[in-house]
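Numbering (our numbering), first residue to last: 5 to 323.
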């Protein structure tokens with residue numbers, strides 16, 4: 005199959021309407037989309053990505069009014085957050101209606117609903133007239149793409165079209181917050197921070213429990229092919245050279261928000277380099293930095309970190 009990068013939303017809408025998959029741009033990362041109401045089309049997402057069936061997929065909608073169309077028992081707090089942050093990088097997990105196939109939610113009784121902010125994706129949703137299920141457009145567990153060109157590297161020959169919407173302006177996946185229980189719970193940290201959310205609706209919990217009801221909750225995720233080690237401090241140049249390692253300097257991007265924009269692209273660039281190992285240092289663990297560190301921890305799969313030039317096993321806390 006020949007994969008074409010296009011800016012024509014009509015040809016992508018026709019592809020999705022025919023029951024095929026196509027890649028779409030969002031403000032977070034590029035997604036592999038299918039008609040969320042077409043079970044056979046959604047199966048193609050799992051097959052194309054080699055995604056395990058226990059991992060649910062976020063459903064993208066165009067308007068807040070559609071929360072009630074695909075979800076039920078929607079609490080007022082969802083609408084309060086949506087009024088503030090939607091369209092945008094936040095996903096609401098709510099009880100689902102039967103119209104959403106079980107394949108989308110991995111058999112869970114809840115569904116993640118998101119209103120994306122990217123103008124091309126919004127145009128596509130309007131043209132399609134149906135919700136679009138779309139996880140990140142990468143092979144399962146690998147680095148999420150944030151440009152059409154990176155998406156092509158991941159899925160060339162596996163799909164027909166990639167809708168080119170430029171570089172993703174957020175760069176990491178959406179915040180996922182569940183309203184299945186009485187107290188809302190952040191399942192995946194993202195650009196909308198816990199502080200942002202609590203300012204609007206009060207206290208929320210964090211953590212994912214044992215059952216996977218949100219994407220991005222597996223221990224190994226966003227991973228390069230080369231080993232990534234999360235370091236407690238910056239190693240000396242001779243130490244890096246001895247290990248054939250390269251240091252991923254995230255501080256040079258400035259603000260945490262800008263680090264998030266470039267995180268996956270930088271990781272991909274170093275993964276394609278001649279170095280055998282990638283080493284990086286955590287950012288300050290506040291605000292969006294919590295989401296960045298979570299991505300780094302999952303990308304490293306809890307591997308060895310380095311303190312004072314000596315390898316030590318680090319127990320990583322996943323949130």
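Beta carbons: idealized from backbone N, C-alpha and C, even for Gly.
The model shown is predicted, which means the values in this text are computed figures rather than measured ones.
For residue i: DSSP bridge partner residues
i, result
"residue 64", "118, 136"
"residue 281", "249"
"residue 49", "None, per the DSSP bridge assignment."
"residue 39", "136"
"residue 262", "Bridge partners of residue 262: none, in fact."
"residue 227", "146"
"residue 209", "189"
8 Å contact criterion, which residue i and residue j should meet: CB distance rounded
i, j, result
"residue 40", "residue 47", "About 12 Å separates the two Cβ atoms, so there is no contact after all."
"residue 268", "residue 145", "No, residue 268 and residue 145 are not in contact; Cβ-Cβ is about 13 Å, not under 8 Å."
"residue 250", "residue 274", "6 Å"
"residue 2", "residue 184", "Nothing about residue 2 can be reported from this structure: the residues present for the chain run from 5 to 323 only."
"residue 99", "residue 114", "6 Å"
"residue 122", "residue 204", "Not quite, the Cβ-Cβ distance comes to about 23 Å (not below 8 Å), so this is no contact."
"residue 55", "residue 139", "7 Å"
"residue 27", "residue 141", "5 Å"
"residue 282", "residue 228", "6 Å"
"residue 126", "residue 120", "6 Å"
Cβ-based burial, residue i [other Cβ within 10 Å; buried from 16]
i, result
"residue 153", "exposed"
"residue 133", "exposed"
"residue 63", "buried"
"residue 220", "Legend: pLDDT at residue 220 = 45, less than 50; position of this residue unreliable, value from coordinates given subsequently. So residue 220 ends up on the buried side."
"residue 217", "Note that residue 217 has pLDDT 49, beneath the 50 cutoff, so the model's placement of it is unreliable and the number below is only indicative. It counts as buried."
"residue 330", "It is not possible to answer for residue 330, since the shown part of the chain is limited to 5 through 323."
"residue 77", "exposed"
"residue 66", "buried"
"residue 299", "buried"
"residue 111", "exposed"
"residue 75", "buried"
"residue 194", "buried"
"residue 191", "buried"
"residue 206", "exposed"
"residue 11", "exposed"
"residue 58", "exposed"
"residue 297", "buried"
"residue 14", "exposed"
"residue 42", "buried"
"residue 182", "buried"
Range of the contiguous alpha helix (DSSP H) that encloses residue i
i, result
"residue 7", "Note, residue 7: premise wrong, no alpha helix (DSSP H); not H, not E."
"residue 19", "13–21"
"residue 26", "Careful: residue 26 lies outside any alpha helix (DSSP H), inside the beta strand (DSSP E) at 26–28."
"residue 233", "That residue, residue 233, is in no alpha helix (DSSP H); its beta strand (DSSP E) goes 232–235."
"residue 72", "71–74"
"residue 108", "106–109"
"residue 195", "Neither: residue 195 is in no alpha helix (DSSP H) and is coded neither H nor E."
"residue 292", "292–304"
"residue 80", "80–89"
Endpoints, the beta strand (DSSP E) within which residue i is located
i, result
"residue 100", "94–100"
"residue 254", "Residue 254 -> no beta strand (DSSP E), and no H or E assigned at all."
Complete alpha helix (DSSP H) runs within the stretch 120–190 (minimum length 4 residues, chain order): 123–132, 152–159
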